[in-house]
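Visitor: Every number in this note's numbering is 374 more than the matching position in the sequence shown, counting from 1.
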Amino acid sequence: MTSSPEPVVVVGAGPVGLVTAGLLARRGVASVVLERHREPYVLPRAVHLDGEAVRVLQALGLAEAFGRISRAAPGMRLLDAAQEVLVDFPTGARGADGFAEANLFHQPDLEALLRDHVAGSPLIDLRSGWEVVALHGRGPVVVEARDPDGRDHEFRAAAVLGCDGTDSFVRRHIGAPLRDLHFEERWQVVDLRSRVPLPLWGGVHQLCDPARPATLMHVTGDRYRWEFRLGALGQQTAEQESAETSAALHHLLARWVPPQLRPGVEFIRSAAYIFRARVASRWRDGRILLLGDAAHQTPPFIGQGLGAGLRDAANVSWKLAAVLGGADDALLDSYEAERRAHVTTTTRGAVLIGWALTGGQDRAAAVRRVVTTGLGRVPGLPQLAAGAASPRLGRSRLLARANRPGDPVGRTCPQPQVRLDGSGGTADVRIGQLDSLLGDGWALLTRGGTGGAGLTRANVRHLEVEALSTIAGPDLRTWMRRRALRAMLVRPDRIVAAVNGTALRLAAP
Ligand SMILES: Cc1cc2nc3c(=O)[nH]c(=O)nc-3n(C[C@H](O)[C@H](O)[C@H](O)COP(=O)(O)OP(=O)(O)OC[C@H]3O[C@@H](n4cnc5c(N)ncnc54)[C@H](O)[C@@H]3O)c2cc1C
375 MTSSPEPVVV VGAGPVGLVT AGLLARRGVA SVVLERHREP YVLPRAVHLD GEAVRVLQAL
435 GLAEAFGRIS RAAPGMRLLD AAQEVLVDFP TGARGADGFA EANLFHQPDL EALLRDHVAG
495 SPLIDLRSGW EVVALHGRGP VVVEARDPDG RDHEFRAAAV LGCDGTDSFV RRHIGAPLRD
555 LHFEERWQVV DLRSRVPLPL WGGVHQLCDP ARPATLMHVT GDRYRWEFRL GALGQQTAEQ
615 ESAETSAALH HLLARWVPPQ LRPGVEFIRS AAYIFRARVA SRWRDGRILL LGDAAHQTPP
675 FIGQGLGAGL RDAANVSWKL AAVLGGADDA LLDSYEAERR AHVTTTTRGA VLIGWALTGG
735 QDRAAAVRRV VTTGLGRVPG LPQLAAGAAS PRLGRSRLLA RANRPGDPVG RTCPQPQVRL
795 DGSGGTADVR IGQLDSLLGD GWALLTRGGT GGAGLTRANV RHLEVEALST IAGPDLRTWM
855 RRRALRAMLV RPDRIVAAVN GTALRLAAP
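1) Do you know how far the Cα of V428 is from the Cα of V373?
2) Rounded to a whole number of angstroms, what is the C-alpha to C-alpha distance between L453 and C582?
3) Quick test of the definition: if touching needs 3 or more C-beta pairs under 8 Å, does the stretch 541-555 touch the stretch 647-660?
4) On the three-state DSSP scale, how would you describe G513?
5) Decide if E559 is buried, meaning its Cβ has at least 16 other Cβ atoms within 10 Å, or exposed.
6) Kindly indicate which residue of L819, F473, A861 and A846 has the alpha-carbon position closest to the one of L837.
7) With respect to the beta strand (DSSP E) encompassing N477, which residues constitute its N-terminal and C-terminal limits?
8) Excluding five sequence neighbours on each side, which residues of the same chain lie with their C-beta closer than 7 Å to the C-beta of P448?
9) What separation, rounded to the nearest whole angstrom, lies between the Cα atoms of G396 and Q432?
10) Between which two residues does the beta strand (DSSP E) containing T589 stretch?
11) Is the separation between the beta-carbon of S382 and that of L535 shorter than 8 Å?
12) Please report the straight-line C-alpha distance between M450 and V459, rounded to a whole angstrom.
13) For V516, collect the residues of the same chain with a Cβ closer than 8 Å to its Cβ; drop the 5 residues on either side in sequence, then sort them by chain order.
14) For ligand 1, I want to know if A774 counts as a neighbour, meaning its beta carbon is within less than 7 Å of at least one of the ligand's heavy atoms.
15) Note down the Cα distance separating L698 from A704, rounded to an integer number of angstroms.
16) Inspect the beta-carbon positions of T719 and A682 and report whether they are closer than 8 Å.
17) On the CB-based measure, 16 or more other CB atoms within 10 Å of its CB, does N477 come out buried or exposed?
18) Quick one: any contact between the stretch 624-644 and the stretch 560-575, if contact means 3 or more CB pairs under 8 Å?
19) So, at 6 Å on beta carbons, what are the nonlocal neighbours of A519 in its own chain, with the 5 sequence-adjacent residues on each side left out?
20) Taking the alpha-carbon positions, what's the R586 to A404 distance?
21) Would P345 and P482 qualify as a contact pair, given that the criterion is a beta-carbon distance under 8 Å?
22) G539 and A668 - do their beta-carbons sit closer together than 8 Å?
23) Which residues share a DSSP beta bridge with S616?
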């Protein structure tokens, strides 16, 4: 890959900025990451990533390291107001993306892992304590930043990626207002550690009490997270609010922390957050793009905020690398078209589930009744709630038209663990997760000798699924046969771009 002589400037070294810089570096693109804080943020926020988001970490070579700091959650459990179990939504220990469908972790552990990774890359220049204060031009872009001693500097950037969080300076600069998806609630977020394991089930508990909806979980090691809803903003005095928080904590302690365990419990943080559902009206202006919380914010009921940011990183990094290597800038149009539709659907799903699980209003209570008494009657809702469903990407010129509901176009290609038997005897046998065989570029998977190899471009790797033996996960031959697929074109971000005839046409020179 030939890279532009100017680096990409990534604004913000949160998890999305770090992952994006890492993915660009894998494609040979140099970046300068400017982060206004001198030290990493130490308080936990995200605690859950789904398997598709872990697959993005896999692309950085960090899946195993993430496995060491996380644990697979068995699913989600709904509790009634008396904190008795209503129903379980289980999640798989190995989902279609090759990882557990629901993974719990401590966000500062993930950020430490990402910082180590970035520190080891000669293509990434991370500068902590540097605040971006102005941008000029649309590409190349001149970035003005203030260093830790208050001196101003200018960088010429091939592109600017605004990974600068909820109050994004970059978003304001490109004049992209946030579109409100009509959800605003105040929740108290409490993190605690316990010397002795607390008597919680291993998954996520949703307390469906209209008077005091709450989410509780064992995160990892000795860490636990409790979140519960507070009264509406501005409706209480500070004293009333403090009394409300103490009463709610007391209620949760009474159920989950027997008196003999209390001396071993340490409260790490208890803070009120406003959970909102908002999506930026525009994600790009020339070579200035928004990613992560800068582009969208979701209530955390299905744990998709950071996961959405990692999907943004996977979606845009290969496209930007291609543009900097000489492809048309129009390739970047597909980023917003694909990701905005996806994140709007998951955010609406989070709002619906939040309503269903926690709402006291008549309609919400009705939805909740449907979920709790008629499991599975709301299509996709249990899977979305448990973290096991991802909608299709929005339409773009990089995706063929999906013709049938089961058509995988716009979704990730399944990732089994496979053995590839080559023709060169035992030395030619390779075992691994599918992505390690697909490489970092485009791939064409064919079934039944469709003969894609002769039709593909030189930069499209061809894999015949009949040559693969499945060790774990979905068997690709069966999976493709059930969907009547003979060929499947997979993009560098593992999204299926086209199937059958369209796959071969798209892959042809
Ligand atoms: C209580 C809570 C629970 C959550 N639970 C989940 C969950 O279970 N699962 C999930 O997926 N998500 C969850 N989230 C959301 C998740 O934490 C965020 O989506 C994620 O941290 C966003 O990452 P980011 O890199 O986009 O932004 P941030 O992590 O906010 O990083 C942005 C960075 O940009 C820097 N910055 C800002 N402006 C400038 C500037 N001008 N110059 C230089 N640097 C700048 C900031 O200092 C910051 O470091 C939760 C959030 C909260 C609050």
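Glycine included, C-beta positions come from ideal geometry on N, C-alpha and C.
On a predicted model such as this, the values are computed, not experimentally measured, just so you know.
Guide: In this structure, then:
1) Residue 373 falls outside the range modelled here, since the chain spans only 375 to 883, and no answer is possible.
2) 6 Å
3) yes
4) coil
5) buried
6) L819
7) A476 to F479
8) P464, T465, G576 and G577
9) 11 Å
10) A588 to H592
11) Per the sequence shown, the amino acid found at residue 382 is Val instead of Ser. For V382 and L535, yes; Cβs fall inside 8 Å.
12) 11 Å
13) L509, H510, E528, F529, R530 and A531
14) no
15) When the Cα atoms are used, L698 and A704 turn out to be separated by approximately 12 Å.
16) no
17) buried
18) Verdict: yes, contact present.
19) L408, W504, V506 and H527
20) Using only the alpha carbons, I get a separation of about 49 Å.
21) Given a span of 375 to 883 for the chain in the structure shown, any question on residue 345 remains unanswerable.
22) In this structure, G539 lies closer than 8 Å to A668 by Cβ.
23) S616 is not bridged to any residue.
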